[in-house]
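**Student:**
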Ligand SMILES: [Zn+2]
Ligand SMILES: [Zn+2]
């Protein structure tokens, strides 16, 4: 059953007018449903076993990292750097701010390189990710948002991935939201065959080989080389993949539940400082919902947004231009 509750009058500035539905009777921002049923169209008992098994296996594969035999501080460093490189650049810069929201412009070849980095997080193809996220923005915290925590917290975090939702996980559903991406043969081919999945083992082999090389150089023994190779594989690939997943999922669950709001938007998005730190800026999610195209999600001076500064870095070396600035800042593009 769906119930609604009217928001109390808020002192917050309203989000930019073109994005908030207003209640025709009160003239106030539309009410937010406090509890939602499963999104319309979801088949709650039709499981996506390939997703469930993949998520379970990668979580299991991360466990040996915590055995002393496979622990190394350099492995931990490779994981932390990997969260930034594969996760933040791949998911935040490419999938989210570039492909979903067109927050800036980049050369096509570079966009494709970024997309290949992104698929190494096993969060699906560019079009599938973009489709689910655009549908989330279209219906945020209302029916049929694919992953609102108003269904329940775990649904918003992970369970929505486990059951079929034809609107976001079938070819027709994805295409409906990604006509722009389907015009590009690169993204279209990723929807038509599974070759992109090979990038995951390929990048794992690369990281493991690098660990072997560094281990050989630093210890001078094959035994030392293998020891570091295994450590980099477990920390730099499996633990990192799990970390990036939970960081992405936390944006869907925690930042629609816990945190403060700068803008009175028509959903429950929040700015959550610890999600913002872990995710490199995606935690300033209320700002993002209020001004979706902006390449910067931190709007106040203290809302540090590493993803935005990375895009600024790309701009400095000529790989990004026409950055859409928050309306709050005035000038729209730099
Ligand atoms: Zn978004
Ligand atoms: Zn959201």
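Numbering (the numbering used here), first residue to last: 156 to 489. Using N, Cα and C, we set each Cβ at its ideal position, and we do this for glycine too. The structure presented is a predicted model; accordingly, all values stated were derived computationally and were not measured.
Is residue 260 helix, strand or coil when you go by DSSP?
**Tutor:** Counting from one through the chain shown, the residue named residue 260 turns up at place 105. Secondary structure at residue 260: strand, using DSSP grouped into helix, strand and coil.
**Student:** Tell me which same chain residues have a C-beta within less than 8 Å of the C-beta of residue 157, skipping the five on either side of it?
**Tutor:** In the chain shown, the residue the question calls residue 157 occupies position 2. Note that residue 157 has pLDDT 43, beneath the 50 cutoff, so the model's placement of it is unreliable and no number is given.
**Student:** According to DSSP, simplified to helix, strand and coil, what is residue 476?
**Tutor:** For the purposes of this step, residue 476 is taken as the residue at position 321 of the chain shown. Of the three classes helix, strand and coil, the one that applies to residue 476 here is strand, per DSSP.
**Student:** What distance in whole Å lies between the Cβ atoms of residue 385 and residue 141, which are believed to be in contact at a cut-off of 8 Å?
**Tutor:** In the structure displayed, the chain extends from 156 to 489; residue 141 sits before or after that span and is not available.
**Student:** Give the DSSP-derived three-state secondary structure of residue 228 in the structure shown.
**Tutor:** Numbered from its first residue, the chain shown carries residue 228 at position 73. Here residue 228 sits in helix by DSSP.
**Student:** Name, in chain order, the residues that DSSP records as bridge partners for residue 195.
**Tutor:** In the chain shown, counting from the first residue as 1, residue 195 sits at position 40. Residue 195 is not bridged to any residue.
**Student:** Please list, in chain order, all residues with a C-beta atom less than 6 Å from at least one heavy atom of ligand 2.
**Tutor:** 291, 295, 411, 424, 440 and 444
**Student:** With a threshold of 7 Å, establish whether the CB of residue 288 neighbours any heavy atom of ligand 1.
**Tutor:** Locating residue 288 in the chain shown gives position 133, counting from the first residue. Yes.
**Student:** Residue 363 to residue 237, Cα distance in whole Å?
**Tutor:** As a first step, residue 363 is located in the chain shown; it is residue number 208 there, counting from the start. As a first step, residue 237 is located in the chain shown; it is residue number 82 there, counting from the start. If I take the Cα positions, the gap works out to 13 Å.
**Student:** Beta carbon of residue 302: closer than 7 Å to some heavy atom of ligand 1?
**Tutor:** Here residue 302 is taken as the residue at index 147 of the chain shown, counted from 1. Residue 302: no, Cβ never under 7 Å from ligand 1.
**Student:** Which one or two residues does DSSP pair with residue 415 in a beta bridge?
**Tutor:** Locating residue 415 in the chain shown gives position 260, where the first residue counts as 1. In DSSP, residue 415 forms a bridge with 426.
**Student:** Should residue 438 go down as buried or exposed, given a rule of 16 or more other Cβ atoms within 10 Å for buried?
**Tutor:** Translated into positions along the chain shown, residue 438 becomes position 283. Counting the other CB atoms within 10 Å of its CB gives residue 438 a total of 16 or more, which places it among the buried residues.
**Student:** In the DSSP assignment, the alpha helix (DSSP H) including residue 355 goes from what residue to what residue?
**Tutor:** Residue mapping note: residue 355 aligns to position 200 of the chain shown, counting from 1. Segment 354-374, the alpha helix (DSSP H) holding residue 355.
**Student:** How many angstroms separate the CA atom of residue 483 from the CA atom of residue 463?
**Tutor:** Position 328 of the chain shown, counting from 1, holds the residue named residue 483. Position 308 of the chain shown, counting from 1, holds the residue named residue 463. Roughly 16 Å separates the two Cα atoms.
**Student:** Please determine, among 388, 234 and 342, the residue with the shortest C-alpha to C-alpha distance to residue 282.
**Tutor:** The sequence position of residue 282 within the chain shown is 127, counting from 1. The option with the nearest alpha carbon to residue 282 is 342.
**Student:** Counting pairs of Cβ atoms below 8 Å between the region 431-448 and the region 468-475, do you hit three or more?
**Tutor:** Taking 8 Å as the limit for Cβ pairs, the verdict is that the region 468-475 does not touch the region 431-448.
**Student:** Suppose the cutoff is 6 Å on Cβ atoms and the five residues either side in sequence are ignored; what does the same chain contact list for residue 195 look like?
**Tutor:** Within the chain shown, residue 195 is the residue found at index 40, counting from 1. Correct list, in chain order: 298 and 299.
**Student:** What number of angstroms, rounded off, separates the C-alpha of residue 397 from the C-alpha of residue 361?
**Tutor:** Within the chain shown, the letter at position 242 stands for residue 397. Within the chain shown, the letter at position 206 stands for residue 361. The alpha-carbon atoms of residue 397 and residue 361 are separated by roughly 19 Å.
**Student:** Using a Cβ-Cβ cut-off of 7 Å (strictly less than) and excluding sequence neighbours within five positions of residue 200, which residues of its own chain qualify?
**Tutor:** Residue 200 sits at position 45 when you count from the first residue of the chain shown. Nothing meets the Cβ criterion.
**Student:** Roughly how many angstroms lie between the CA atoms of residue 452 and residue 442, to the nearest whole one?
**Tutor:** Position 297 of the chain shown, counting from 1, holds the residue named residue 452. Position 287 of the chain shown, counting from 1, holds the residue named residue 442. Computed Cα separation, rounded: 6 Å.
**Student:** Using the Cα positions of residue 458 and residue 435, report the straight-line distance between them to the nearest angstrom.
**Tutor:** Here the question's residue 458 lines up with position 303 in the chain shown. Here the question's residue 435 lines up with position 280 in the chain shown. Whole-angstrom Cα-Cα distance: 10 Å.
**Student:** Using the DSSP secondary-structure output, state which residues sit across from residue 349 in a beta bridge.
**Tutor:** Here residue 349 corresponds to residue number 194 of the chain shown, with the count starting at 1. None; residue 349 has no bridge partner.
**Student:** Work out the CA separation of residue 427 and residue 370 for me, nearest whole Å.
**Tutor:** By one-based count along the chain shown, residue 370 stands at place 215. By one-based count along the chain shown, residue 427 stands at place 272. If I take the Cα positions, the gap works out to 39 Å.
**Student:** State buried or exposed for residue 485, treating a residue as buried only when at least 16 other CB atoms are found within 10 Å of its CB.
**Tutor:** In the chain shown, counting from the first residue as 1, residue 485 sits at position 330. Label assigned to residue 485: exposed.
**Student:** Have a look at 433, 477, 401 and 333 and flag the residue whose alpha-carbon is nearest the alpha-carbon of residue 284.
**Tutor:** Taking the chain shown and counting its residues from 1, the one referred to as residue 284 is at position 129. Per the Cα distances, 333.
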